[in-house]
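In UniProt numbering, the protein residues as written are 1 to 158.
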């Protein structure tokens with residue numbers, strides 16, 4: 001259900017976002033408690049502001065309301081926002097832009113006894129990511145097969 005909604009909404013959202021020279025970072029349609037949420041994450045160099053999010057929200061809402069049949073028959077909340085400081089890494093360009101930055105990578109299965117790595121992304125290939133991370137007081141490097149990655153995002157270093 002949620003994949004079908006995302007697939008239907010993606011080209012519409014992409015057209016609106018592209019027309020404003022913004023980047024469509026991600027779309028998700030999720031249920032939280034009793035409510036459904038359609039979340040659109042947008043960005044641009046220098047960051048996105050609240051007025052730009054509201055503008056995209058208004059345009060997308062208008063397009064969705066005009067569609068027949070309704071692509072989302074149940075009630076839902078539309079949220080358009082910035083991906084934030086911990087932006088997800090989904091597309092190849094996201095990974096390339098994250099080289100040299102601090103990242104959080106969660107895996108489907110343990111690698112070297114760990115399912116989560118946080119550290120500096122040092123290299124990206126079509127098949128792997130390389131991360132320099134701290135294991136207690138020792139600096140280590142891990143190369144992760146991209147097929148093992150459940151989720152990846154930028155992270156804030158404390």
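Glycine included, C-beta positions come from ideal geometry on N, C-alpha and C. Here the structure is a predicted model, which means the values were calculated and not measured.
In the DSSP assignment, residue 82 falls outside any alpha helix (DSSP H), carrying neither H nor E.
Under the rule that a run must span 4 or more residues, the alpha helix (DSSP H) segments found entirely inside the segment 92 to 155 read 92 to 97.
Among the bridge pairs identified by DSSP, residue 23 is matched with 43.
According to the DSSP assignment, residue 50 belongs to the alpha helix (DSSP H) that extends over 50 to 66. By the 16-neighbour rule on beta-carbons within 10 angstroms, residue 16 is buried. If the five residues before and after residue 116 are omitted, its C-beta is found closer than 8 Å to the C-beta atoms of 104, 105, 106, 107, all from its own chain and listed in chain order.
Between residue 69 and residue 8, the alpha-carbon positions lie close to 12 Å from each other. Under the three-state reduction of DSSP, residue 11 is assigned to helix. Here residue 27 is not near residue 63, since their CB atoms are 8 Å or more apart.
Contact between the segment 31 to 45 and the segment 79 to 87 is present: three or more C-beta pairs spanning the two stretches fall below 8 Å. Secondary-structure assignment with DSSP links residue 28 through a beta bridge to 39.
Under DSSP, the beta-bridge partners assigned to residue 77 are 37.
A direct Cα-to-Cα measurement between residue 144 and residue 25 gives close to 23 Å. Three or more pairs of CB atoms, one per stretch, sit closer than 8 Å, so the segment 136 to 154 contacts the segment 111 to 127. Excluding residues up to 5 positions away in sequence, 100, 101, 102, 103, 131, 132, 133 lie with their Cβ nearer than 8 Å to the Cβ of residue 120 in the same chain.
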